[in-house]
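> Protein chains in written order, with numbering that gives the first Met the number 0: chain A, 0 to 285; chain B, 0 to 285. Just so you know, even glycine gets a beta-carbon here, dropped at the ideal spot from N, CA and C. These numbers were taken from a predicted model, which means no experiment stands behind them.
There are 2 protein chains.
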Amino acid sequence: MSILRKISAQLETMAPADRQIGQFIIDNPDQMLRLSSAALAVETGRSQSSVVKFSQKLGYAGYQELKLAVSEAKAQEWQAPAGMIHGTIEVGDGYLTILQKLFSSKLQAMQQTISVNNESDIEKALEALHDARRIHLAGVGASSLVARDFSYKLMKLGRNVLHDSDSHVQMANASTLGPDDLLFALSYSGTSIETLRIAELASQRQATVIVVTGLQDNPLAHVADICLHTVGDEDRVRSSAITARDAQLMLTDLLFILLVQRQPDAYDYVHNSETAVSVLKAKRLS
Amino acid sequence: MSILRKISAQLETMAPADRQIGQFIIDNPDQMLRLSSAALAVETGRSQSSVVKFSQKLGYAGYQELKLAVSEAKAQEWQAPAGMIHGTIEVGDGYLTILQKLFSSKLQAMQQTISVNNESDIEKALEALHDARRIHLAGVGASSLVARDFSYKLMKLGRNVLHDSDSHVQMANASTLGPDDLLFALSYSGTSIETLRIAELASQRQATVIVVTGLQDNPLAHVADICLHTVGDEDRVRSSAITARDAQLMLTDLLFILLVQRQPDAYDYVHNSETAVSVLKAKRLS
DNA sequence: GCAAATTGGAATAAAAAATTCCAATTCCCG
DNA sequence: CGGGAATTGGAATTTTTTATTCCAATTTGC
Chain A
0 MSILRKISAQ LETMAPADRQ IGQFIIDNPD QMLRLSSAAL AVETGRSQSS VVKFSQKLGY
60 AGYQELKLAV SEAKAQEWQA PAGMIHGTIE VGDGYLTILQ KLFSSKLQAM QQTISVNNES
120 DIEKALEALH DARRIHLAGV GASSLVARDF SYKLMKLGRN VLHDSDSHVQ MANASTLGPD
180 DLLFALSYSG TSIETLRIAE LASQRQATVI VVTGLQDNPL AHVADICLHT VGDEDRVRSS
240 AITARDAQLM LTDLLFILLV QRQPDAYDYV HNSETAVSVL KAKRLS
Chain B
0 MSILRKISAQ LETMAPADRQ IGQFIIDNPD QMLRLSSAAL AVETGRSQSS VVKFSQKLGY
60 AGYQELKLAV SEAKAQEWQA PAGMIHGTIE VGDGYLTILQ KLFSSKLQAM QQTISVNNES
120 DIEKALEALH DARRIHLAGV GASSLVARDF SYKLMKLGRN VLHDSDSHVQ MANASTLGPD
180 DLLFALSYSG TSIETLRIAE LASQRQATVI VVTGLQDNPL AHVADICLHT VGDEDRVRSS
240 AITARDAQLM LTDLLFILLV QRQPDAYDYV HNSETAVSVL KAKRLS
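#1: Would you please state the rounded distance, in angstroms, between the beta carbons of L3 of chain B and V69 of chain B? I believe it to be under 8 Å.
#2: Terminal residues of the continuous alpha helix (DSSP H) containing A74 of chain B?
#3: Do three or more CB pairs link the region 144-154 of chain B to the region 244-258 of chain B at distances below 8 Å?
#4: How do the region 31-44 of chain B and the region 54-72 of chain B stand: do at least 3 beta-carbon pairs fall below 8 Å, yes or no?
#5: Whole-angstrom Cβ separation of S143 of chain A and S164 of chain A, contact assumed at under 8 Å?
#6: Mind the definition here: the region 207-224 of chain B touches the region 201-218 of chain A only if three or more C-beta pairs lie below 8 Å; say whether that holds.
#7: From N271 of chain A to D232 of chain B, what distance separates their C-alpha atoms?
#8: Out of A:L57, A:K56 and A:N27, which one is the CA nearest neighbour of T43 of chain A?
#9: Let's see if you can read the secondary structure: which residues bound the beta strand (DSSP E) around H228 of chain B?
#10: Using the beta-carbon of each residue, which ones in chain A are nearer than 8 Å to Y94 of chain B?
#11: Please name the residues in the region 28-51 of chain B whose beta-carbon is closer than 8 Å to at least one beta-carbon of chain A, in chain order.
#12: Can you tell me which of the three DSSP states V160 of chain A falls into?
#13: Evaluate G93 of chain A with the Cβ neighbour count: other Cβ atoms within 10 Å of its Cβ, from every protein chain shown; 16 or more gives buried, anything less gives exposed.
#14: Quick one: what's got a C-beta closer than 7 Å to I24 of chain A's C-beta in the same chain, skipping five residues either side?
#15: Candidates A:A198, A:N159, A:K100 and A:S35: which alpha carbon is nearest D224 of chain A's?
#16: Cβ of A74 of chain A less than 7 Å from any chain B Cβ?
#17: The alpha helix (DSSP H) with V50 of chain B in it runs from where to where?
#18: Name the chain B residues whose beta carbon is nearer than 8 Å to that of S191 of chain A?
#19: When you compare the CB of D148 of chain A with every CB in chain B, is at least one pair closer than 7 Å?
#20: Note down, one range per segment and in chain order, each beta strand (DSSP E) of at least 3 residues found wholly within the region 132-180 of chain A.
#21: Just the C-alpha distance for H135 of chain B and V51 of chain B, rounded to the nearest angstrom, thanks.
#22: Below 9 Å on C-beta distance, what does F183 of chain A contact in chain B?
#23: I'd like to know if S70 of chain B contacts chain A, where contact means its C-beta is closer than 7 Å to some C-beta of that chain.
#24: Taking only the alpha-carbon atoms, compute the straight-line gap between L202 of chain B and V139 of chain B and give it to the nearest angstrom.
#25: Any idea what DSSP makes of A243 of chain A, helix, strand or coil?
#26: Please state the DSSP three-state secondary structure of T43 of chain B.
#27: Evaluate P15 of chain A with the Cβ neighbour count: other Cβ atoms within 10 Å of its Cβ, from every protein chain shown; 16 or more gives buried, anything less gives exposed.
#28: Looking only at its own chain, which residues have a Cβ that is under 6 Å from the Cβ of L65 of chain B, when we skip the five neighbours before and after it?
#29: Please confirm if the region 170-185 of chain A is in contact with the region 94-110 of chain A, defined as three or more CB-CB distances below 8 Å between the two stretches.
#30: Could you give the DSSP three-state label for I88 of chain A: helix, strand or coil?
#31: According to DSSP, which residues form a beta bridge with L286 of chain A?
#32: Could you list which residues in chain B have their beta carbon closer than 8 Å to that of V90 of chain A, in chain order?
#33: Counting only beta-carbon atoms, is I134 of chain A nearer than 7 Å to chain B?
#34: For the putative contact between A246 of chain B and T229 of chain B, defined by C-beta atoms under 8 Å, what is the C-beta separation to the nearest angstrom?
#35: List, in chain order, every chain A residue whose beta-carbon is nearer than 8 Å to that of F102 of chain B.
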């Protein structure tokens, strides 16, 4: 149990000096860690011996041990998921609160995305990606960046990839797909008209259609041969495609790694890619 | 920067007593926090004054301040959530192992990225972004997607944003920047020639230069007015810009949220954006 | 080779932590 | 309600810890 929490719980039943010292520590843990027992006494208008006695009443040998416990309590607040601040980012939130809420939202989106997809669906998608002659990536808005990121990774493996940010070109590309090909379509809402039309066309042309979309029922999911789900809570982070994007990236990154594991020469391809790019890097500082 | 990391980096060039004391602290940070300077001297077979001098050579007023810094470094240290498999993805890894290692690597990259940047640097970047007349985003490869993602978000707020994936166009755009403008340059290596040249030009033209780059010393960091750092371990995830990209996104997402909090009409802009896009969404299934 | 700089322990001084002493206040029981 | 016991908490004192000074030995640089 965090000492800060323990002090809070006991505050009401403490004697006056103890209450004042305890309150200061709860309100200012960072500052307390920098103060000597005498300086803390000055800050609280109490005596130096009261500070030491306060520590001992809490079960510590002295002030130094109390300091250590406060330091550990602070460390746990940041790290333990249970102690992390969850919730909607709000107008009055300070820096640390925003940071923790953002981190927590990202973590949750990725974790939930993993748990709503079972291994057999991932394996099916992997199998289809592995076997596809050509892979066409489709998505608009934030999803288009995920599609592009995934297309770069697939191209790095030497795969035959079609991707263009212009939805008309995407549509034209889809009209060339056949039964040996695959469409990988991303849309969190599942209602983007361009992505939907492209998926419908690919499906008509007997290409395999993998859809990455949100959990809600939506028209894009209905076109899918294989449907992978993402979970994001955009309301938490001001509705700007942050958690939905992170959730999609979690899936595409996982598929990429699994493909790498499946392709014997994958590491060679990746290494070749790095070597090729290195001529575009400045030489090391001497 | 973590004091533990700093001590590690300097160990080789330290004199014998300092090296011994430094090594003990790196190996036993928990224990060190419980020891007086005299007790630490006994543990290392050195003198008590050497312990204090060691602290002072590192830039602290004394041993107590060093202790505080070690305590903070420990708090920010990465710790895998309980039970999670952590480590390098290897050839024989199964699905679940790969999944956990990937997830853990993402968490580590994001958390470490947060801990290596202090609040005052983030606030400086925020201030500069908030005040800039025009914001130019630069980056190539994976960084170009992060740049684009951030450009979309900034444009959603009604900001005057310059972004193009073509590095020649980026360069031409940089030639129009002035003292009221800002360049936001992303490169994990800090050695991409295009990004570097663009940053140098922006700097010459007196624009504010914010650089988002890795922790290692690099030419791009030297051009920066404000430097934000990212931590990613690409070796863990087959070296394909996964964790480096996640680290960069963590920073750009944070800056975006902080900007939203600073801009009174931000929510209106975001809402207007959603309304505008809704005409490109299929109607709900009936 | 020599002077200057660095290293680092012993001794000393200063600061911080802990304990003791004791007066004032509160609590509890008869 | 009164008196004794227990608690509170600051001042004074003691002990421990931290920081600085002194100085000899070693290393470095010219």
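Judging by the given coordinates:
#1: 7 Å
#2: Y62 to Q75
#3: A contact exists between the region 144-154 of chain B and the region 244-258 of chain B.
#4: yes
#5: 6 Å
#6: no
#7: 19 Å
#8: A:N27
#9: Unbroken beta strand (DSSP E) run through H228 of chain B: I225 to T229.
#10: E118, I121, E122 and L257
#11: Listed by position along the chain: L32 and R33.
#12: strand
#13: When all chains shown are included, G93 of chain A counts as exposed.
#14: Excluding residues within five positions, the ones whose Cβ falls inside 7 Å are I6, M31 and V69.
#15: A:A198
#16: yes
#17: Q47 to K56
#18: L279, K280 and A281
#19: yes
#20: 134-137
#21: 48 Å
#22: None at all; the shortest Cβ gap to chain B is about 16 Å.
#23: Yes, S70 of chain B lies at the interface with chain A (some Cβ there is under 7 Å from its Cβ).
#24: Going by the sequence as given, residue 202 of chain B is Ser instead of Leu. When rounded, the distance between both Cα atoms is 19 Å.
#25: helix
#26: helix
#27: exposed
#28: S54 and Y59
#29: no
#30: coil
#31: Residue 286 of chain A lies beyond the residue range present for chain A, which begins at 0 and ends at 285; the question has no answer from this structure.
#32: Q260
#33: no
#34: 4 Å
#35: Here the neighbours are M109, Q110, I113 and M249.
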